[in-house]
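Working notes for the structure below.
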Ligand code: GUN
């Protein structure tokens, strides 16, 4: 069994982007600039946004953080996004999800200019992705693609079982892995909460991508010997021995599943850090598009 070290790969990717920034500045180009919008005080969202801002600093991007209380109106958020669209210096915009229930996330997402939508959540980018056209890929699926690519994991003709059909992970990764590309050319089965015989389906998988949001959901008895397991889960479980009072657990029962795998991602240190690197890649791409 080999660990897929997302933390290390994320650092490598961020170093590569950092070099690109240095080269761009040496050519007299503008420093890439990411704007993040954070609403309310959801602790997980605060952590994610802080990590994104810190990654910008490490790479040499400018960053702007706009914070709003959870009382903010939808209209105020849409106006803030439109101002970021109109701001010539800003290359990429992300609105951290989830938003409070009185706000329609779709309306806010659709207010972002597709050219600055570095999260790849705008319907224009999703539509372009589905058609195989150039687009910003959503960060988590893009991170998984880079992980498979950098570890040279064979995907052609493999049976990939995706667990979870969210717009952010399960649905886009199933589309990306079924395309005629590398990584890709998989036969993909997209499973979800209503799927019957999930264990039997997983037992036929060469690659499993677990994105269901339930700790230890995927069991050792579901795994074929030699399978590749990508665990997208970042579940907070109570742990009184930790200062924070919780620890992170994936969607996969790592302890019992890992001995059966050829490759597996740990949690933490697997897919999570790659989502940050993917967002930075998209922001670099957005910035470079000014000059092409
Ligand atoms: N919430 C969960 N994942 C993401 C993500 O990739 N981007 C944003 N903006 N919000 C999220």
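In the working numbering, the protein residues as written are 468 to 759. Beta carbons are placed, not taken as given, at the ideal position from N, Cα and C, and that holds for glycine.
Check	Outcome
Rounded distance between the beta-carbons of residue 751 and residue 581, thought under 8 angstroms	17 angstroms between Cβ atoms; not a contact.
Closest Cα partner of residue 514 within the set 743, 759, 757 and 588	743
Top-ranked residue by Cα proximity to residue 728, from 616, 690, 573 and 702	690
Residue interval of the beta strand (DSSP E) (run including residue 695)	694-698
Residue(s) in a DSSP beta bridge with residue 584	560
CA-to-CA distance, residue 546 to residue 476, given in whole angstroms	37 angstroms
Whole-angstrom distance between residue 622 and residue 602, CA atom to CA atom	22 angstroms
Per-residue burial, residue 707 [other beta carbons within 10 Å of its own, 16 or more giving buried]	exposed
Segments assigned alpha helix (DSSP H), at least 4 residues, entirely inside the segment 628-666	637-645
In chain order, each beta strand (DSSP E) run of at least 3 residues that lies wholly inside the segment 522-562	529-535 and 559-562
Lining residues of ligand 1 - beta-carbon closer than 5 angstroms to any non-hydrogen atom, in sequence order	561, 563, 564, 586 and 606
Simplified DSSP state of residue 518, which is helix, strand or coil	helix
Limits of the alpha helix (DSSP H) - the one that residue 687 falls within	No alpha helix (DSSP H) holds residue 687; DSSP gives it neither H nor E.
Environment of residue 624 [buried if 16+ CB atoms lie within 10 Å]	exposed
Residue range of the unbroken alpha helix (DSSP H) whose run includes residue 754	738-755
Buried or exposed (CB count within 10 angstroms, at least 16 for buried), residue 758	exposed
Cβ separation of residue 701 and residue 739, assumed to be a contact under 8 angstroms, to the nearest whole Å	6 angstroms
Given residue 615 as reference, the closest of 648, 583 and 715 once Cα atoms are compared	648
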